[in-house]
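K.L.:
The opening residue of the sequence shown carries number 67 in our numbering; numbering runs sequentially from there. My questions will all concern the structure given below.
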Amino acid sequence: MPAISIIVPFYNRHGLIGETVESVLQQGLTDLEIVIVDDGSREPLKPSDLGRGDGDARIRLFRQDNRGSGAARNAALREARGDHVLFLDSDDLLVPGGLEVLLARAREGDFDAVVGNWRDLVDGRAERHFRPSFPYRDALANVVDGGWATGSALLKRSLRPVCPEEKSRLPWDMAECYLRALSDPAARIAHVDRDIVMMRQDSDGRLTVLYDHFDPVKAGRFWCEMKASFALDDERRAAFDRQIFRFVLTLFHAGENAAAAELFASIDADRLKRHAWCSAFSPAWFAATLGLSPGLGLQRLLHRLRGGRLG
């Protein structure tokens, strides 16, 4: 039984999958398997498309009718045999040594999940660096606040991760998978301050582009729905409210006041000032004190008078 199963959904990225597989095979850790599910590509994925992975017994390739990335991941999960799983998109690259670091940390503390950092990859160059935050004791709250990237987290198979298969969940399907896998209050997670994955931002067919991951209304509604679907304690409420308020602020500054108000209604304004991140005279403090539009309007005016710039 391998230590790690790398779960890779595939669809029409024949020119990139070889690099992705190579990035896994370059890891110092060899006790692994790669489970690839071709989600009905126009041309079936062949072993010869896998570069150096062609003929490697640790790679298992399956094909299904086109049902979406969530269904492809779930099909791969059913075939996976490892003690841990890591989801990797078919155009992204693991950083050398990343798997060893994640697995060592997971075993060291018997953690249910270990997450690292990630970078954007554009035109073959590493760009922005992302590091998840860990301000809470609760695992789910840290997943919400940290916005984990696909490919950055190692999960125990005992968590029984499952990916949503509805297209309405795209491109936040992996976020929901992580949230539900780590919803048990007893779940334990850890962070390693090390880049794990390079996320290619300029390949064709990215779900973040096709399904507009950057639309603050869609994103905000997703987090509102997630907040309503979990049992909440103070930490979880604080994490969800912080995530939702980020989109409220974006929409307000874009002049989308009705959409901002819709999202803000899911935040309990009476509790807002109890959150550690709602510091005095922050935008959230103004909104909680005076109401959304008056509060953020005044905060914006004061910010301008001080010579600041809106984010």
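Every residue gets a Cβ at the ideal spot worked out from N, C-alpha and C, and that includes glycine.
In chain order, which continuous runs of the alpha helix (DSSP H) of length 4 or greater are located wholly inside the stretch 241 to 305?
P.N.:
DSSP runs (the alpha helix (DSSP H)) wholly in the stretch 241 to 305: 273 to 276 and 282 to 295.
K.L.:
How far does the alpha helix (DSSP H) with F352 in it extend, from its first residue to its last?
P.N.:
It spans P349 to L356 - the alpha helix (DSSP H) in which F352 sits, taken as one unbroken run.
K.L.:
With C-beta atoms as the reference, is G163 less than 8 Å away from G94?
P.N.:
The answer is yes: Cβ separation under 8 Å.
K.L.:
Use the C-beta contact count for F311: other C-beta atoms within 10 angstroms, 16 or more gives buried, fewer gives exposed.
P.N.:
The residue is buried, with at least 16 neighbouring Cβ atoms inside 10 Å.
K.L.:
Smallest Cα separation from D281: which of D250, V314 and R254?
P.N.:
Considering only alpha carbons, the answer is V314.
K.L.:
DSSP on L152, reduced to helix/strand/coil?
P.N.:
In the structure shown, L152 sits in a strand (DSSP, three-state: E or B).
K.L.:
With a CB to CB cut of under 7 Å and the five nearest residues on each side skipped, what residues in its chain are close to F288?
P.N.:
Closer than 7 Å at Cβ, skipping near neighbours: W238.
K.L.:
Around the C-beta of N132, are 16 or more other C-beta atoms found within 10 angstroms, so that it is buried, or is it exposed?
P.N.:
Its Cβ having fewer than 16 others within 10 Å, N132 is exposed.
K.L.:
At what residues does the alpha helix (DSSP H) containing F177 begin and finish?
P.N.:
Note, F177: premise wrong, no alpha helix (DSSP H); not H, not E.
K.L.:
Look at I262 and G217 and say whether their C-beta atoms are less than 8 Å apart.
P.N.:
Their beta carbons are under 8 Å apart, which means I262 touches G217 by this criterion.
K.L.:
Starting from V90, trace the alpha helix (DSSP H) in both directions and tell me its first and last residue.
P.N.:
Where V90 is concerned, the enclosing alpha helix (DSSP H) stretches over I83 to L91.
K.L.:
Check whether the stretch 149 to 165 touches the stretch 91 to 106, counting contact only when three or more Cβ pairs, one atom from each stretch, lie closer than 8 Å.
P.N.:
Yes, the stretch 149 to 165 is in contact with the stretch 91 to 106.
K.L.:
Can you tell me the Cα-Cα spacing of L245 and L368, whole angstroms?
P.N.:
When rounded, the distance between both Cα atoms is 37 Å.
K.L.:
If we count the other Cβ atoms within 10 Å of its Cβ and call it buried at 16 or more, is F347 buried or exposed?
P.N.:
Under this definition F347 is an exposed residue.
K.L.:
Helix, strand or coil for G117, going by three-state DSSP, please let me know.
P.N.:
Of the three classes helix, strand and coil, the one that applies to G117 here is helix, per DSSP.
K.L.:
Residues in the same chain with beta-carbon distance under 8 Å from R226, minus the five sequence neighbours each way, listed in chain order, please.
P.N.:
Within the same chain, R226 has close Cβ partners A247.
K.L.:
Closest to H319 by CA distance: which of L338, L358 and Q309 is it?
P.N.:
Answer by Cα proximity: L358.
K.L.:
Where E99 and Q309 are concerned, what is the direct C-alpha to C-alpha distance, given to the nearest angstrom?
P.N.:
Distance between the alpha carbons of E99 and Q309: 35 Å.
K.L.:
Could you check the C-alpha separation between A353 and P360 for me, to the nearest Å?
P.N.:
Cα to Cα, the separation comes out at about 7 Å.
K.L.:
Are V258 and R197 closer than 8 Å when you measure CB to CB?
P.N.:
No, these two residues do not count as a Cβ contact at 8 Å.
K.L.:
Can you tell me the Cα-Cα spacing of Y277 and R235, whole angstroms?
P.N.:
Since pLDDT at Y277 reaches only 47, below the 50 mark, its modelled position is unreliable, and the value read off the structure follows with that caveat. The straight-line gap from Cα to Cα measures roughly 9 Å.
K.L.:
Could you give the first and the last residue of the continuous beta strand (DSSP E) run that contains R337?
P.N.:
Not the beta strand (DSSP E): R337 falls in the alpha helix (DSSP H), residues A335 to L338.
K.L.:
Per the DSSP calculation, W184 is bridged to which residue(s)?
P.N.:
BP columns for W184 point to F196 and V263.
K.L.:
Suppose contacts are defined by Cβ-Cβ distances below 8 Å. Is A205 in contact with A253 by that definition?
P.N.:
Yes, the Cβ-Cβ distance between A205 and A253 is below 8 Å.
K.L.:
I need the straight-line Cα distance from G321 to L338, nearest angstrom please.
P.N.:
Spanning the two alpha carbons is a distance of roughly 23 Å.
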